[in-house]
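A.B. asks:
Protein chains: 2
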Amino acid sequence: MSALRYELLARSRSHGARLGRVHTPHGSFDTPAFMPVGTRASVKGIVPHWVAQSGAQILLANTYHLLLRPGADLVARRGGLHRFMNWSGPILTDSGGYQAYSMADLNAVDDDGVTFKSIVDGSSIRLTPERATQVQNLLGADIIMAFDDCPPAQPRPNADATATAAAKTDRRLDRVVRRDRVLDPAEFRRRLDVANERTLRWLQRCVDAHQRPHDQALFAIVQGGTDLDRRAWCAQRIRDFDLPGYAIGGVAVGEPPDQIARVVRATAPLLPEDRPRYLMGVGYERDLLLAVQAGVDMFDCVLPTRNGRNANAFTRAGQIRLRNQQYAEDDRPIDPGCDCHACDPAAHGWTTPDQRPFTRAYLRHLFMVGEMLGPILVSLHNLRHFQRFMSDVRASIPTDDWAGLLARWPVARGDDAPAGPIAHAGGVLPTPPGDH
Amino acid sequence: MSALRYELLARSRSHGARLGRVHTPHGSFDTPAFMPVGTRASVKGIVPHWVAQSGAQILLANTYHLLLRPGADLVARRGGLHRFMNWSGPILTDSGGYQAYSMADLNAVDDDGVTFKSIVDGSSIRLTPERATQVQNLLGADIIMAFDDCPPAQPRPNADATATAAAKTDRRLDRVVRRDRVLDPAEFRRRLDVANERTLRWLQRCVDAHQRPHDQALFAIVQGGTDLDRRAWCAQRIRDFDLPGYAIGGVAVGEPPDQIARVVRATAPLLPEDRPRYLMGVGYERDLLLAVQAGVDMFDCVLPTRNGRNANAFTRAGQIRLRNQQYAEDDRPIDPGCDCHACDPAAHGWTTPDQRPFTRAYLRHLFMVGEMLGPILVSLHNLRHFQRFMSDVRASIPTDDWAGLLARWPVARGDDAPAGPIAHAGGVLPTPPGDH
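Listed in order, the protein sequences are those of chains U and S.
Here the numbering used here is used: the first residue of the first sequence is 605, the next is one more, and so on.
Here the numbering used here is used: the first residue of the second sequence is 605, the next is one more, and so on.
#1: Quick one: give me the first and last residue of the beta strand (DSSP E) that residue 980 of chain S is part of.
#2: Pick from S:913, S:918, S:921, S:881: whose alpha carbon is nearest that of residue 620 of chain S?
#3: Could you name the residues that DSSP lists as bridge partners for residue 730 of chain S?
#4: When you check each C-beta in the region 658-669 of chain S against every C-beta of chain U, which residues fall closer than 7 Å?
#5: Answer with buried or exposed for residue 690 of chain S, where buried requires no fewer than 16 other C-beta atoms within 10 angstroms of its C-beta.
#6: Taking Cβ positions, are residue 697 of chain U and residue 745 of chain U nearer each other than 7 Å?
#7: Looking at the secondary structure, which residues open and close the alpha helix (DSSP H) in which residue 749 of chain S lies?
#8: Give a yes or no on whether 7 Å exceeds the smallest Cβ distance from residue 649 of chain U to chain S.
#9: What runs of the alpha helix (DSSP H), each 4 residues or longer, lie entirely inside the region 618-675 of chain U?
#10: Please list, in chain order, the chain U residues whose beta carbon lies closer than 9 Å to that of residue 690 of chain S.
#11: What's the gap between the Cα of residue 622 of chain S and the Cα of residue 841 of chain S?
#12: With residue 1008 of chain S as the anchor, note down where its alpha helix (DSSP H) starts and where it stops.
#13: Residue 818 of chain S CB to nearest chain U CB: under 7 Å?
#14: Using a Cβ distance threshold of 8 Å, determine whether the region 946-955 of chain U contacts the region 669-689 of chain S, with at least three qualifying pairs required.
#15: Under 8 Å by Cβ, that's how I've got residue 906 of chain S and residue 883 of chain S pegged, so tell me the actual separation to the nearest angstrom.
#16: When the Cα atoms are used, what is the spatial distance from residue 824 of chain U to residue 858 of chain U?
#17: Cα-Cα, which of S:1015, S:998, S:1010, S:1017 is closest to residue 612 of chain S?
#18: Which residue comes first and which comes last in the beta strand (DSSP E) that contains residue 883 of chain S?
#19: Below 6 Å CB to CB, which residues in the same chain sit around residue 648 of chain U once its five sequence neighbours on both sides are set aside?
#20: From the DSSP output, in three-state form, read off residue 713 of chain S for me.
#21: Contact criterion: CB-CB distance below 7 Å. Does residue 653 of chain U meet it with respect to chain S?
#22: Could you tell me if residue 1036 of chain S is buried or exposed, where buried requires 16 or more neighbouring beta carbons within 10 angstroms of its beta carbon?
#23: Would you say residue 973 of chain S reaches chain U, if we count a Cβ-Cβ gap shorter than 7 Å as a contact?
#24: Provide the residue span of the alpha helix (DSSP H) that contains residue 863 of chain U, from first to last.
#25: Strictly under 7 Å for the Cβ-Cβ distance: is residue 983 of chain U near chain S by that measure?
#26: Leaving out five residues before and five after residue 679 of chain S in sequence, what residues of the same chain have Cβ atoms less than 8 Å from its Cβ?
#27: So, are the CB atoms of residue 820 of chain S and residue 607 of chain S less than 7 Å apart?
#28: Less than 7 Å separating the beta-carbons of residue 917 of chain S and residue 818 of chain S?
#29: Strictly under 7 Å for the Cβ-Cβ distance: is residue 722 of chain U near chain C by that measure?
#30: Please give the ranges of any alpha helix (DSSP H) in the region 886-969 of chain U, keeping only runs that are unbroken, at least 4 residues long and fully inside the region.
#31: Can you tell me whether DSSP reads residue 739 of chain S as helix, strand or coil?
#32: So, under 8 Å CB-CB, residue 1015 of chain U and residue 885 of chain U are touching, yes? Tell me the CB distance rounded to an integer number of Å.
#33: Would you call residue 733 of chain U buried or exposed, if buried means 16 or more other Cβ atoms sit within 10 Å of its Cβ?
#34: Starting from residue 816 of chain S, trace the beta strand (DSSP E) in both directions and tell me its first and last residue.
#35: So, is residue 790 of chain U buried or exposed, given that buried needs 16 or more other C-beta atoms within 10 angstroms?
Written out as C-alpha cells, the structure reads:
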C-alpha cells in the first residue's frame, strides 16, 4: 500500500504536459507543482501561513541541513517536521546526498556511502542509503528521496566561461564544475557508470531500509548525466522497483541549457505514466515550462527566496534588480497586476482600505539600508510569482493555449534569463549578505 | 490652530497616571502609548499590517537615519513618510540630535548646531534647529520633536561598573558614559547649563522654522540632567511656548535607575496637564509603569525588536533567552496565554484550524541556524507583549487596581530586568548579528 496517489486529470494534445493531483497523508497538491524550499525547516523569512497564501501546496526541506541542526531525532521527538515547522501540508525531503557531494569541502564517496565534514563543526559525518532513509523516516515528510550518487556534469571546452556564468546564479555550480575538471573524459565516463550502478544498488538498500512506506512515499531518481543511453538504462531499472514516484536527478549541475532540455525531453517519457515525475532543483520560468511540456509534474527551486533576499524580483517581463539607481524614485509596485502581499496588500486585508502597494522606491531603500523587510517582501512576491506562473501553466494544459501563456508571461520565452546553465538550487549556498 | 488634540479620559486616584487619547491628522492613539521604533521607515522585520495588529497605534521613525538614507527630499517626493512606508496611522519623528551626539564618532556642538560625520559615507553633515525642523517637515510625521542639546549623564564614582552594565543593554550608553568621563564635575555642571540654555534658544528657532504647524505638532523637550532645579527651570521656560506636547529628554542616558525615577517623578507634573507628555527612549516594563504613574503618556523603545532579533523574548514573568540549551526541546510557546502571531497563530487565522504555537524549540532552532524567521517571530511576539502590557496599564488607570496589574505582569515588579540603568533605546545601535 502506497502513501501517495497520483491522479491524472488532463493531458496536453500538443505536448507531454499533464495536469494532475497528488494525494498524500497531509493533503493534496496540484501538478505541475512548484515547491518552495524550506532548507532548514523554514522558507527563509516567510511564515508558513504566507507560504500557503502564495499558493504553494507542498514544500521541500533539506535532510542534510536538518541532520546537522537540529538533528533528526530532535525533530522526531517534536512530532516530526510538519509539527516542528508548523506546516500542515505535504512536505518532501531530499536524501542529503547532493549536498554531501556539493557542499562539503571534504567528502569521500565509496560503494557504501559518503563521508563528509560537517559545515557546522567540522565533525565527520557518514551518510549511507540506510542512514539517509532512517533520517528521512525520522523527519517524517510525505515524500522522501532515494540516496543516490549524483555525478557532476561532463567537462567541456568552455568550462571556464560556463563556470563563471553559473557562479553568478549559483556559486555551488562553480564548485561542482571546478571539481569535475580534474577528470579526463574517459575517467568521467567511468565515473558516470559507477554512479549509475551505485544509484541502483543504493536504491535497493533504501527500499529495504524504509520503515514507513505506509505514510512516506519513497521516490527513485534517474541518473546518467547527459548520456541518453545511460539515462534510459537507469530509468528502466528503477521502474522495476514500482515506487510511488520518480525523479530526474543530476540535471542542471553545470551542463549547457540545450543538454538539459535534451535530457529532460528524453527521460521524462521513460518514467511511469501513472506516477508523479519530479525534476530536481529546476529552475527559471522557461525551464519549468520546457519540463512541463516534456511531462514533468514537480519542481523545487530556491530562486524565489534566494533572489528575493538579494533584491532580485521576478516579474512577468523578467527579473528586476531593485538595488539599481533607476528604482530610487519608482513609485510602481514590483509587478503591476501582481496580487502578492507586496504588490497588492489591500487584497490580503492588510491594514487600511487605502493600503497601497509597497513601491520599488521603498523596497530599494530597504535593501540599501539593510532592513530585513526588503528580503521579506521581495521573497514573498517572488514566491507568489512562481505560484501564479505554475497556476497559469496548469490552466494552459487542458486548453493547450501555450501562445496565450507566453503572451501573459514573456519571461517564460527565456529572453530575460541569465546566460549559462539552468540554475540548480538545492538551497545550500553559504549564507549570502542579508540572509539572516 | 494645532495639529494635535489631547483628550483626558480618566485619572488614577492613587497616582498621577492619566488615561487619554491623542488625535492627529492620521488618526488617534490611546495613551499611555508605547511606540515601536521604525528607525529607517521600517519596524525591523515586521510588515506594517502586523505592527498594527500588535496593537501599536503610532510609530517612531528616526530623522537622523532617514536624513542619511534615503534623504528627506526623496521621502517628500514619495508623498511623505506615511505613504513611503505604508503606515497610515500616526508617526512621530525625533529631531536627529540625540543620534548626532551619540552615534557619530566625530561631532562638534556649537551654539548654532551640530556637525557630525555620516555613518554611511563619512561626509560631514550639519544639523541645526532650522535644518532638523525642515527635514521633519519634509518627512511629514504627525508629531515632530524640537532639536535639543542632550547632555550626557553625570559622571559618578562607579562609572566603570555602570558603563559595563549599560553596555550590556545598550552599547551606546557605554560610549556616552565614556565620553562623559573626560569632564570634571564643575565642567559637567557648566555643560548642563549650556545645554539647557541652548535647548531653549534652539526651541525658539524650531518654532520659527516650523512650516507645517497645521498638520505637524511640534513637541518641546525638557532637559536638565538629574538636577531637579534645572529640570524645573527648563520645564517652566518651555511651557511658555504653548506647544501641543512636551517631552522629557536626557533620561536613561547612563544615570542610575533611582535617579531616573526621581527625575521623571519630579518633571512629569511640571508639564501642562492638557498636553501629552512623552518620556523619550524608555524602556522596560517596570520603567514604563513607574513613568505612567508619574503622569507620562507616551513612550518609545527599540527593546521589542532589538531584543527579538537577538533571541530575547519578553514574557509576563521576565525575559527568556531562546538560544539557551534549556529550550532545545521545549514545546511550549514563548509565553503561554499570549495571543501574538507566534504564540497563537490560530487566533490570527493562520493556515489550518489545527495551527499550533511556534514552539520555543523551533524558535531556538531558527536562531541557532541563523534563519530570519526567528527574529521575525520573536520581534512580533515582543511587540505584542509591550502592547498587551500597555493595554492592561490603560485598563488599570480607571480601576486603580495596580496590585492586580502586577499580579498579571510580574515582570513589571522589576525583579527580572537587567541590573544597571534603564535601557535607552533610540534605535541607533550598529546592526547586531541576525539583523538583516
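The beta carbon of each residue, even a glycine, is placed where N, CA and C say it ideally should be.
Since the structure is predicted, the reported quantities are computational estimates derived from the model, not experimental observations.
C.D. replies: On the basis of the coordinates in this document:
#1: Per DSSP, residue 980 of chain S belongs to no beta strand (DSSP E); it is in the alpha helix (DSSP H), 977-1003.
#2: The residue with the shortest Cα to Cα distance from residue 620 of chain S is S:881.
#3: Under the DSSP definition of a beta bridge, residue 730 of chain S partners with S:719.
#4: Within the region 658-669 of chain S, no residue has a Cβ that lies closer than 7 Å to any Cβ of chain U.
#5: Label assigned to residue 690 of chain S: buried.
#6: Yes, these two residues count as a Cβ contact at 7 Å.
#7: Residue 749 of chain S -> not in any alpha helix (DSSP H); beta strand (DSSP E) instead, spanning 747-749.
#8: Yes, residue 649 of chain U counts as interfacial toward chain S.
#9: With a minimum length of 4 residues, the continuous alpha helix (DSSP H) runs that stay inside the region 618-675 of chain U are 652-657, 667-672.
#10: One finds 949, 954, 955, 959, 960, 961, 962, 963, 966 in chain U with Cβ atoms closer than 9 Å to the Cβ of residue 690 of chain S, taken in chain order.
#11: Computed Cα separation, rounded: 24 Å.
#12: Here the alpha helix (DSSP H) through residue 1008 of chain S covers 1006-1012.
#13: No, no contact with chain U.
#14: Contact between the region 946-955 of chain U and the region 669-689 of chain S is absent, because fewer than three Cβ pairs lie under 8 Å.
#15: For a cut-off of 8 Å, the C-beta gap from residue 906 of chain S to residue 883 of chain S is around 15 Å, too long to register as a contact.
#16: The alpha-carbon separation between residue 824 of chain U and residue 858 of chain U amounts to approximately 22 Å.
#17: Among S:1015, S:998, S:1010, S:1017, the Cα nearest to that of residue 612 of chain S is on S:998.
#18: Run containing residue 883 of chain S: 881-883, per the beta strand (DSSP E) assignment.
#19: For residue 648 of chain U, same chain residues with a beta-carbon under 6 Å away, outside a window of 5 residues either side, are 909 in chain order.
#20: Note: residue 713 of chain S maps to strand in three-state DSSP.
#21: Look at residue 653 of chain U: its C-beta is under 7 Å from a C-beta on chain S.
#22: Note that residue 1036 of chain S scores 33 on pLDDT, short of 50, meaning its location in the model is unreliable; the coordinates nonetheless yield the value given after this. With fewer than 16 Cβ atoms within 10 Å of its Cβ, residue 1036 of chain S is classed as exposed.
#23: Closer than 7 Å to some Cβ of chain U, the Cβ of residue 973 of chain S qualifies, so yes.
#24: It spans 861-871 - the alpha helix (DSSP H) in which residue 863 of chain U sits, taken as one unbroken run.
#25: It does not: the Cβ of residue 983 of chain U has no partner Cβ on chain S nearer than 7 Å.
#26: These residues qualify, in order along the chain: 645, 670, 685, 688, 742, 743, 744.
#27: Taking the C-beta atoms as reference points, residue 607 of chain S is found nearer than 7 Å to residue 820 of chain S.
#28: In this structure, the beta-carbon distance from residue 917 of chain S to residue 818 of chain S does not fall below 7 Å.
#29: Protein chains in the displayed structure are U and S, and chain C is not among them.
#30: Those alpha helix (DSSP H) runs which fall completely within the region 886-969 of chain U and span 4+ residues are 889-897, 907-913.
#31: If DSSP states are grouped into helix, strand and coil, residue 739 of chain S belongs with the helices.
#32: The Cβ separation is near 19 Å, so there is no contact.
#33: Per the 10 Å Cβ criterion, buried.
#34: Note, residue 816 of chain S: premise wrong, no beta strand (DSSP E); not H, not E.
#35: The residue in question, residue 790 of chain U, is exposed, as its Cβ has fewer than 16 Cβ neighbours within 10 Å.
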